[in-house]
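The numbering used here puts the sequence shown at residues -12 to 465.
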Amino acid sequence: MRTIQIKQILSQARVGDTVTAKGWIRTKRESKNATFLAINDGSTINNIQAVAEPGQFSEELMRVITTGACVAVTGVLVESAGSGQSVELKAQNIEVYGGADPDKYPLQPKKHSLEFLREIAHLRPRTNTFSAVLRLRHALAFAVHKYYNDNGFFYLNTPIITASDAEGAGEMFRVTTLDMNKPPRTDDGKIDYKEDFFGRETNLTVSGQLEGELAALALSKIYTFGPTFRAENSNTTRHLAEFWMIEPEMAFFELEDNMNLAEDFVKYVIKYALENCTDDLNFLDKRLAEDEKSKPQNERSIPLLEKLWFVVNNPFERLTYTEAIKILVASKPHKEKKFKYDVAWGIDLQSEHERYLVEKHFKKPVILTNYPREIKAFYMKQDDDGKTVRAMDVLFPGIGEIIGGSQREDNYDKLLARIHEVGIEPEALWWYLETRQFGSAPHAGFGLGFERLVLFVSGMTNIRDVIPFPRFPKSAEF
Ligand code: ATP
Ligand code: MN
């Protein structure tokens, strides 16, 4: 008797084989002639149906076999009489690993709201929606590694605890072992971080980029894929306090190469999911279509699979920030004062502006380049006009910014001047600056928020639903 995953049973086992299926009961249906158990082990969205005959098993056993119980069913595979599956398991033996009291088990077979499921994040992987999202998330992560490995990149692990808060990308979480009730003080009454574990102030990283650059200027092409932390108090559907970021960094790449890589990479991973997660994506496609029915016709988004294939098969629109501002200034929502935030050259684009460009104007993903230097980080390469930098943001429908990147400033003097300008202590970045003194090279890179990618590919609408255990303000239960 082999224990094999239900996915293998459904795809590889033959009628007449004796197999053991182990998993959690999704539904139990009793008729005059038989009891039907739908069993799922998470290996696939599809259940295997086990059939027991009336009186075959003790009443006591049949009572604990309820939705949520974990069982091992051994039996012979037979052709299924019912529709929806080709084979079913004629039960010969049922072992119950753990029951699930129907009066208490919260996941009864009915539609639960995503908000409710967030409160039971320890059990939600047992739903079709979340198991589909988690399998999809896995496939996308695998595709990320495969893409970079196949293209000559090295996977680099950058520090999670960092002493540099120079990136200025967001609010940081402090890491300390000091006694919060009685921290050591300096003579002038400030907390004395010299006494702290690392002998200085440390935080959780907001990005691995600066360290990524160091490695790119040695290995040529690297990528990171690690957790990132931002204590920004943004209670939005697109921000988490803990998220995963993929950051490739390439020596000898300029802005154009960077854009080409970003576009090729995103298309590759989406296509990988389309080709390898068919069952889950079909399920999520139907799920979204069902949700959309409740919206008025003109507000409905295009079907998930259609949207994904469209992104894979069409070139992204590329234009400069300055061109984008012109489009926004001339747009209907701007003229009719429908935007919440005003538009003028120099503003940091808000998500309403990004989404207008992507969803209304171009109706496809957009790469915006050459942003004003004032609104971008100090390390971006300055353009000759003295006003803009070689930044690039990739904007996606329904999401807004999915990738942020740039060509990096490789000129020592310009970089140092900019560091002074934005008020960073150059001493804190001595190691970063040295790479521009010793064998500097043109280089570029970007950061893709992994959950924003999963959000887009799954068609889910809240980023809290595409990571197993989301971290956001006032929430770290599980
Ligand atoms: P936004 O303006 O949307 O907050 P950002 O400009 O702060 O994004 P970057 O610092 O450029 O973002 O980070 C790179 C990528 O990381 C973003 O393009 C996005 O995909 C992702 N990202 C940034 N902040 C978050 C967050 N709080 N939760 C999830 N993903 C994020
Ligand atoms: Mn942000």
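From the three backbone atoms N, C-alpha and C, an ideal C-beta is built for every residue, glycine too.
* Asked: Can residue 123 and residue 441 be called in contact, C-beta distance under 8 Å?
  -> Taking the sequence shown and counting its residues from 1, the one referred to as residue 123 is at position 136. Taking the sequence shown and counting its residues from 1, the one referred to as residue 441 is at position 454. Contact: yes.
Review point. Residue ranges of each alpha helix (DSSP H) run of no fewer than 4 residues wholly in the region 286 to 350, ordered along the chain?
Key: 291 to 300, 308 to 316, 319 to 322, 338 to 342
### Task
Tell me where the beta strand (DSSP E) around residue 380 begins and ends.
Translated into the one-based positions of the sequence shown, residue 380 becomes position 393. Counting along the chain, the beta strand (DSSP E) containing residue 380 begins and ends at 375 to 383.
Practice item. Answer yes or no: does any C-beta atom of chain C fall closer than 8 Å to that of residue 461? Key: The chain labelled as chain C is not found in the depicted structure, where only one protein chain is given.
- [ ] Return yes when the C-beta of residue 458 is under 7 Å from any heavy atom of the ligand ATP, and no when it is not.
- [x] Mapped onto the sequence shown, residue 458 falls at position 471. Flag unset: Cβ of residue 458 not near the ligand ATP.
Could you work out which residue in 229, 284, 253 is closest to residue 461 when comparing CA atoms only? By 1-based counting over the sequence shown, the position of residue 461 is 474. Answer by Cα proximity: 229.
Among 254, 82, 107, 222, whose alpha-carbon lies nearest the alpha-carbon of residue 390?
Translated into positions along the sequence shown, residue 390 becomes position 403. Nearest of 254, 82, 107, 222 to residue 390, Cα basis: 254.
Exercise. The beta strand (DSSP E) with residue 393 in it runs from where to where?
Worked result: The residue given as residue 393 occupies position 406 in the sequence shown. Counting along the chain, the beta strand (DSSP E) containing residue 393 begins and ends at 387 to 394.
- Item | Residue span of the beta strand (DSSP E) that contains residue 84, given as start and end | Along the sequence shown, one-based indexing puts residue 84 at 97. Where residue 84 is concerned, the enclosing beta strand (DSSP E) stretches over 74 to 85.
Next on the checklist: Just to confirm, is the Cβ distance from residue -4 to residue 35 under 8 Å?
Outcome noted: One-based indexing of the sequence shown puts residue -4 at position 9. One-based indexing of the sequence shown puts residue 35 at position 48. Yes; because the gap between Cβ atoms is below 8 Å, this pair is in contact.
Inset, instruction - Flag this pair as touching only if the region 32 to 46 and the region 8 to 22 have three or more C-beta atom pairs under 8 Å; answer yes or no. - result: yes
Q.
Checking 8 Å against the spacing of the C-beta atoms, do residue 392 and residue 431 come in under that value?
A. Looking up residue 392 in the sequence shown gives position 405. Looking up residue 431 in the sequence shown gives position 444. In this structure, residue 431 lies closer than 8 Å to residue 392 by Cβ.
Notebook entry, point to check: Can you give, in chain order, each stretch of the alpha helix (DSSP H) that sits fully within the region 101 to 131 and has at least 4 residues?
Noted result: 101 to 106
Practice problem: Pick helix, strand or coil for residue 419, following the three-state DSSP scheme. | Solution: Here residue 419 refers to the residue found at position 432 of the sequence shown. Helix at residue 419.
- Compare the beta carbon distance of residue 394 and residue 241 with 8 Å and say whether it is the shorter of the two. Numbered from its first residue, the sequence shown carries residue 394 at position 407. Numbered from its first residue, the sequence shown carries residue 241 at position 254. Result yes, Cβ atoms of residue 394 and residue 241 sit closer than 8 Å.
Item to check | Residues that DSSP places opposite residue 196 in a beta bridge | outcome: Residue mapping note: residue 196 aligns to position 209 of the sequence shown, counting from 1. Per DSSP, none; premise fails for residue 196.
(Q) I want to check one thing, is the minimum distance from the CB of residue 388 to the heavy atoms of the ligand HEM below 7 Å? (A) Annotation note on the ligand HEM: not contained in the displayed structure, which lists the ligand ATP and the ligand MN as its ligands.
What is the DSSP secondary structure of residue -2, reduced to helix, strand or coil?
-> Position 11 of the sequence shown, counted from the first residue, corresponds to residue -2. Three-state DSSP puts residue -2 in a helix.
Exposed or buried, what is residue 45 when buried is set at 16 or more other beta-carbons lying within 10 Å of its beta-carbon? Counting from one through the sequence shown, the residue named residue 45 turns up at place 58. With fewer than 16 Cβ atoms within 10 Å of its Cβ, residue 45 is classed as exposed.
- request: Measure the alpha-carbon distance for residue 269 versus residue 366 and round it to whole angstroms.
  value: To locate residue 269, count along the sequence shown from 1; it is residue 282. To locate residue 366, count along the sequence shown from 1; it is residue 379. Rounded to the nearest angstrom, the two C-alpha atoms are 42 Å apart.
_Less than 7 Å between C-beta atoms, sequence neighbours within five positions excluded: which residues of the same chain meet that for residue 190?_
For the purposes of this step, residue 190 is identified with residue 203 of the sequence shown, where counting begins at 1. Here the set comprises 149, 152, 159, 160, 161, 162.
Which residues mark the beginning and the end of the alpha helix (DSSP H) in which residue 245 is found? What you label residue 245 is simply residue 258 of the sequence shown in a count that begins at 1. First-last of the alpha helix (DSSP H) with residue 245: 242 to 263.
Check: Just the Cα atoms here: how many angstroms apart are residue 252 and residue 246?
Finding: One-based indexing of the sequence shown puts residue 252 at position 265. One-based indexing of the sequence shown puts residue 246 at position 259. About 10 Å.
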